[in-house]
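When the letters of the sequence shown are read in order and numbered with my numbering, they come out as residues 4 to 349.
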Amino acid sequence: MRFCFFVRKCRVICFLYLLQIYSLPCFSQSSIYRQYELSSIYQPITANKITQDPYGRLWIGTTKGLFGFDGSEFTLRNFRNGSSLNVTAVFCDSNYAWIGFEDGKIARMSLRNWTNEIATVMTLDATVTRIVVDQAQQTWISTYGKGLFVKNKDGLINISQAEGLPSDEIYTMALGKDGVVWLGTDAGLTRCIMQRGRPLLRTFTVSDGLSDEIVRSLTIDDQGKIWIGTEDQGLCQFDPVSNQFTIPPFSRNWTHGAVTALAIQNTSRLMIGTFGNGLLSISLKDNFHPNIYDASNGYDNVKVSDILEDAEGNFWVVSSSRGLDQFPALFEWMTLNGQQIKGSVE
4 MRFCFFVRKC RVICFLYLLQ IYSLPCFSQS SIYRQYELSS IYQPITANKI TQDPYGRLWI
64 GTTKGLFGFD GSEFTLRNFR NGSSLNVTAV FCDSNYAWIG FEDGKIARMS LRNWTNEIAT
124 VMTLDATVTR IVVDQAQQTW ISTYGKGLFV KNKDGLINIS QAEGLPSDEI YTMALGKDGV
184 VWLGTDAGLT RCIMQRGRPL LRTFTVSDGL SDEIVRSLTI DDQGKIWIGT EDQGLCQFDP
244 VSNQFTIPPF SRNWTHGAVT ALAIQNTSRL MIGTFGNGLL SISLKDNFHP NIYDASNGYD
304 NVKVSDILED AEGNFWVVSS SRGLDQFPAL FEWMTLNGQQ IKGSVE
C-alpha cells in the first residue's frame with residue numbers, strides 16, 4: 004500500500020511539473036527577442052548607440068537625439084547649443100551621461116538632476132565614435148578623422164598619427180579593467196596607456212596575427228582577453244598577456260560581412276552584430292555553438308550598430324532597421340546546447 008501511494012504521488016508531481024513547463028509559451032529563434040519601437044512621431048529614426056546608467060535606465064543615441072528608456076516608455080531629452088541631433092556615442096559614469104555627436108560636439112547630462120539643461124562642453128572637428136571615463140577620471144574620446152582625445156586635469160590632449168597612432172579613423176574603443184584603452188582603427192588594433200601625461204602606443208597588425216587590419220568592434224571578457232570584430236574576416240581573439248591572436252572555430256570561412264557590434268556575458272555567451280547579415284549568438288561553453296538570427300527566421304537586413312549587456316544579464320541590440328531589441332537573461336538557458344527550450348521572457 005505504501006509503495007502504491009508513493010508511486011501515485013510521484014506521478015502527480017511529474018504531471019504537475021510537465022503541466023507547468025508546457026504551459027509556458029514556446030519560443031522559436033524568431034520569437035525569443037522582444038522588439039521595442041520608438042514612437043511614430045520621431046520616424047524616420049535610426050538607433051546608433053546604447054548604454055546603461057548606474058540607476059538601471061537605458062540611454063539610446065539616435066539620429067533624432069538622446070532617448071531614455073525605463074523598460075516601457077521612451078523619453079526624449081532636449082539639448083541646447085546643438086546644431087546636430089545625430090548622437091553617435093553615449094557613455095554613463097557614476098554622475099553624468101556623456102553624449103557625442105556626428106558633428107563633433109560633446110555634451111554632458113547630469114544623471115541626478117534632470118532639471119539641468121544639457122549643454123555642449125566641447126567641440127571636436129570630427130565625428131565622435133566612443134566615449135569612456137577611466138578610474139583616474141580621464142575622459143577618452145575616439146573620433147573618425149581626428150584620432151583620440153584625452154581630457155584630464157591638465158587639459159585636452161590629442162593623439163593622432165603625428166604621435167604614433169596608425170590611423171586617425173577610429174571605429175571603436177574599449178576600456179579594460181586594468182585601465183588600458185584599446186582602439187579599433189582603419190590600420191590595426193592599438194593599445195594606449197597614458198603615462199606622465201604622454202601616450203604609450205603599440206599597434207598590432209596582420210603581420211602580428213590580426214585577421215584584418217580594419218577593426219570595427221571590440222569587447223573585453225572577464226579574463227581580460229580582447230574580442231575583435233573586423234571588416235571582412237569575422238572575429239579574432241587577442242590575449243594581451245601572451246600577445247597572441249587566435250581565430251575561433253565559428254569565424255573560420257566567415258560569410259557574414261562586417262562585424263559592427265560585440266558584447267560578451269562573462270565567458271559564457273558572445274553576441275555578434277553584423278551590417279545586414281544577421282545577429283549571431285555564440286555559446287562559449289558549448290564548443291562555440293552559434294545560433295544565427297537572419298532573414299531565414301525574421302531578422303532580415305538588420306544593420307546592428309551596438310549591443311549592450313545590462314546589469315541583469317539581458318542583451319539589448321540597436322539597429323538601423325528595427326530600433327531596439329531585447330534578448331532576455333533566460334536567453335542562454337533557452338538556447339542550451341543549440342536547442343530551443345520552452346521559456347518565458349516575463
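Each residue gets a CB set at the ideal place from its N, CA and C atoms; glycine is no exception.
Using alpha carbons as the reference points, say which of Ile109, Asp128 and Ile134 lies closest to Ala122. Stepping through the sequence shown from its first residue, residue 122 is reached at position 119. Of Ile109, Asp128 and Ile134, the smallest CA-CA separation from Ala122 is found for Ile109.
For the segment 286-329, list the beta strand (DSSP E) runs that are entirely contained and at least 3 residues long, ordered along the chain. 292-296, 307-312 and 318-322
Let me know the secondary structure DSSP gives Ala139 once reduced to three states. As a first step, residue 139 must be located in the sequence shown, where it is residue number 136. Correct three-state label for Ala139: coil.
Quick one, are the C-beta atoms of Gln38 and Asp328 less than 7 Å apart? Here residue 38 refers to the residue found at position 35 of the sequence shown. Here residue 328 refers to the residue found at position 325 of the sequence shown. Yes. Within cutoff.
Within the same chain, show all residues whose beta-carbon is closer than 7 Å to that of Thr91, passing over the 5 residues directly before and after it, in chain order. The residue labelled residue 91 in the question sits at position 88 within the sequence shown. Asn51, Lys52, Gly64, Gly103, Phe104, Glu105, Thr130, Val131 and Thr132.
Taking only the alpha-carbon atoms, compute the straight-line gap between Ser145 and Ala177 and give it to the nearest angstrom. What you label residue 145 is simply residue 142 of the sequence shown in a count that begins at 1. What you label residue 177 is simply residue 174 of the sequence shown in a count that begins at 1. Cα to Cα, the separation comes out at about 10 Å.
Comparing C-alpha positions only, which one of Gln240, Lys180 and Leu186 sits nearest to Ile162? Sequence index remark: in the sequence shown, residue 162 carries index 159 (1-based). Residue Leu186 is the option with its Cα nearest to Ile162.
For Phe330, which residues in the same chain have their Cβ closer than 6 Å to its Cβ, ignoring the five residues on either side in sequence? Mapped onto the sequence shown, residue 330 falls at position 327. Same-chain partners within the cutoff: Tyr36 and Phe318.
Which whole-angstrom value is the C-beta distance of Leu221 and Thr206, which I expect to be below 8 Å? Taking the sequence shown and counting its residues from 1, the one referred to as residue 221 is at position 218. Taking the sequence shown and counting its residues from 1, the one referred to as residue 206 is at position 203. Actually they are not in contact, since the Cβ atoms of Leu221 and Thr206 sit about 14 Å apart, beyond 8 Å.
For Leu69 versus Arg80, is the C-beta spacing smaller than 7 Å? The residue labelled residue 69 in the question sits at position 66 within the sequence shown. The residue labelled residue 80 in the question sits at position 77 within the sequence shown. Yes, the Cβ-Cβ distance between Leu69 and Arg80 is below 7 Å.
Decide if Ile353 is buried, meaning its Cβ has at least 16 other Cβ atoms within 10 Å, or exposed. Coverage of the chain is limited to positions 4 through 349, which leaves residue 353 absent and any answer about it impossible.
Would you call the CB atoms of Leu283 and Ile267 closer than 7 Å? Position 280 of the sequence shown, counted from the first residue, corresponds to residue 283. Position 264 of the sequence shown, counted from the first residue, corresponds to residue 267. Cβ atoms of Leu283 and Ile267: not closer than 7 Å.
Does DSSP put Val183 in a helix, a strand or coil? Against the sequence shown, residue 183 aligns to sequence position 180. Reduced to three states, the DSSP call for Val183 is coil.
Measure the CB-CB distance between Phe137 and Gly150 and report whether it falls below 7 Å. For the purposes of this step, residue 137 is identified with residue 134 of the sequence shown, where counting begins at 1. For the purposes of this step, residue 150 is identified with residue 147 of the sequence shown, where counting begins at 1. Strictly speaking, residue 137 in this sequence is Asp, with Phe absent from that position. Cβ distance not < 7 Å, so Asp137 and Gly150 don't count as in contact.
Name, in chain order, the residues that DSSP records as bridge partners for Val352. The structure shown does not extend to residue 352, since the chain spans only 4 to 349, so no value can be given for it.
Helix, strand or coil at Pro331 [DSSP, three-state]: Position 328 of the sequence shown holds residue 331. Here Pro331 sits in coil by DSSP.
Just the C-alpha distance for Trp257 and Cys239, rounded to the nearest angstrom, thanks. Within the sequence shown, the letter at position 254 stands for residue 257. Within the sequence shown, the letter at position 236 stands for residue 239. Looking at the two C-alpha atoms, the distance is approximately 11 Å.
Nearest-angstrom Cα separation, counted from Leu127 out to Thr360: This structure does not reach residue 360, given that the chain is present from 4 up to 349, and the question cannot be answered.
Is the distance from the Cβ of Val93 to the Cβ of Trp143 below 7 Å? The residue you call residue 93 lines up with position 90 of the sequence shown. The residue you call residue 143 lines up with position 140 of the sequence shown. Not a contact, by the Cβ cut-off of 7 Å.
For Leu270, count neighbouring C-beta atoms within 10 Å of its own C-beta (all shown protein chains included) and say buried if the count is 16 or more, exposed if not. Mapped onto the sequence shown, residue 270 falls at position 267. In the sequence as displayed, the identity of residue 270 is Thr instead of Leu. Classification of Thr270: exposed, given that the 10 Å Cβ count is below 16.
Is Ala175 buried or exposed, if buried means 16 or more other CB atoms sit within 10 Å of its CB? One-based indexing of the sequence shown puts residue 175 at position 172. A small correction: the amino acid at residue 175 is Thr; Ala does not occupy that position in the sequence shown. Counting C-beta atoms within 10 angstroms of its own C-beta, Thr175 has 16 or more neighbours from the protein chains shown and is therefore classed as buried.
For Arg201, which beta-bridge partners are listed by DSSP? Translated into the one-based positions of the sequence shown, residue 201 becomes position 198. Arg201 is bridged to Gln198.
What is the DSSP secondary structure of Ala165, reduced to helix, strand or coil? Along the sequence shown, one-based indexing puts residue 165 at 162. Note: Ala165 maps to helix in three-state DSSP.
Provide the residue span of the beta strand (DSSP E) that contains Ser220, from first to last. Taking the sequence shown and counting its residues from 1, the one referred to as residue 220 is at position 217. Run containing Ser220: Val218 to Ile223, per the beta strand (DSSP E) assignment.
Please classify Glu216 as buried or exposed, where buried requires at least 16 neighbouring CB atoms within 10 angstroms. Indexing the sequence shown from 1 puts residue 216 at position 213. Flag for Glu216 reads buried.
Going by Cα to Cα distance, which pick from Thr249, Gly276, Leu287 and Gly167 is closest to Asp303? Mapped onto the sequence shown, residue 303 falls at position 300. Checked all of Thr249, Gly276, Leu287 and Gly167; the closest Cα to Asp303 is Gly276.
Spatial neighbours of Pro252 in its chain, beta-carbon cut-off 6 Å, leaving aside the 5 residues before and after: Here the question's residue 252 lines up with position 249 in the sequence shown. Result list for Pro252: Phe291, in chain order.
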